[in-house]
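Colleague:
Residue numbers (the working numbering): 2 to 197.
If you want it as structure tokens, here you go:
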């Protein structure tokens, strides 16, 4: 007697909305990344003296301060102000490049959080998601992220998450963010230099 599959007891609409097992793995990985970043952010906010002590380390300290400050998602960290103050003692251009690179690496936390959240996009939103993903793969996306990174706005964490959700290439994200953050740091360092 041939084996026949039992009919599903779930209505077709509910079956179509179930998340595949592979998506659950990505979702769990994304949740773990967000949890680790959140714990690290709270630790940094509760121990700001640890971050401030890095300013005595010169360029390496600027890199680490920028990396840590940018890795905090949503929570404010004093990295920009500390690095700008370091510009009085260090070469402004070199300091900006080092801080921009550290900041871009730190922004990967938001990117990874967004990439982990891609599994949550329901099937009915896939056409919109595909259009957004097409933008992320276009030549305009790096310019958009460069401009967002260059502006002194605290919302870049959301933009980093959006880049992860959109599936923007990591290399394009890192390069555009590093260049934008370098411009932002240089502008602020030169402003502080001028005022002091």
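Backbone N, C-alpha and C fix where the C-beta goes; we use that ideal spot for every residue, glycine too.
Express the C-alpha separation of residue 189 and residue 87 in angstroms, rounding to a whole number.
Modeller: Answer to the nearest angstrom: the Cα atoms are 11 angstroms apart.
Colleague: Note down the Cα distance separating residue 158 from residue 138, rounded to an integer number of angstroms.
Modeller: Computed Cα separation, rounded: 20 angstroms.
Colleague: Taking the Cβ atom as the reference point for each residue, do residue 93 and residue 33 lie within a distance shorter than 7 angstroms?
Modeller: no
Colleague: With distance defined between alpha-carbon atoms, name the residue in 162, 65, 183 and 170 nearest to residue 113.
Modeller: 162
Colleague: Beta-carbon within less than 7 angstroms of residue 97's beta-carbon, same chain only, minus the 5 sequence neighbours each way: which residues are those?
Modeller: 183, 186, 187 and 190
Colleague: Does residue 166 pass the burial test, meaning 16 or more other C-beta atoms within 10 Å, or should it be called exposed?
Modeller: buried
Colleague: Just confirm the distance between the C-beta atoms of residue 67 and residue 107, as a whole number of angstroms; I'd bet it's less than 8 angstroms.
Modeller: Contact flag correct, Cβ pair sits at about 6 angstroms.
Colleague: To which residues of the same chain is residue 15 closer than 8 angstroms at the C-beta, ignoring the five residues directly before and after it?
Modeller: Because the pLDDT of residue 15 is 48, which lies under 50, any placement of that residue in the model is unreliable, and the number read from its coordinates should be weighed accordingly. The beta carbon of residue 15 sits closer than 8 angstroms to none of the beta carbons in its chain outside the five residues before and after it.
Colleague: Does DSSP put residue 139 in a helix, a strand or coil?
Modeller: coil
Colleague: Look at the alpha carbon of residue 118 and the alpha carbon of residue 80, and state the distance between them as a whole number of angstroms.
Modeller: 27 angstroms
Colleague: Can you tell me whether residue 179 is buried or exposed? The criterion is at least 16 other CB atoms within 10 Å of its CB, across all chains shown.
Modeller: buried
Colleague: Quick one: using the 10 Å Cβ neighbour count with 16 as the cut-off for buried, is residue 164 buried or exposed?
Modeller: buried
Colleague: Have a look at residue 103 and residue 63 and give me their C-alpha separation to the nearest angstrom.
Modeller: 8 angstroms
Colleague: Taking just the CA atoms, how far does residue 145 sit from residue 168?
Modeller: 15 angstroms
Colleague: Is residue 177 closer than 7 angstroms to residue 143 when the C-beta atoms are compared?
Modeller: In contact: residue 143 and residue 177 (Cβ atoms closer than 7 angstroms).
Colleague: Could you round the C-beta distance between residue 181 and residue 136 to whole angstroms and report it? I think they count as a contact, below 8 angstroms.
Modeller: About 18 angstroms separates the two Cβ atoms, so there is no contact after all.
Colleague: I'd like to know whether the C-beta atoms of residue 175 and residue 116 end up nearer to each other than 7 angstroms.
Modeller: no
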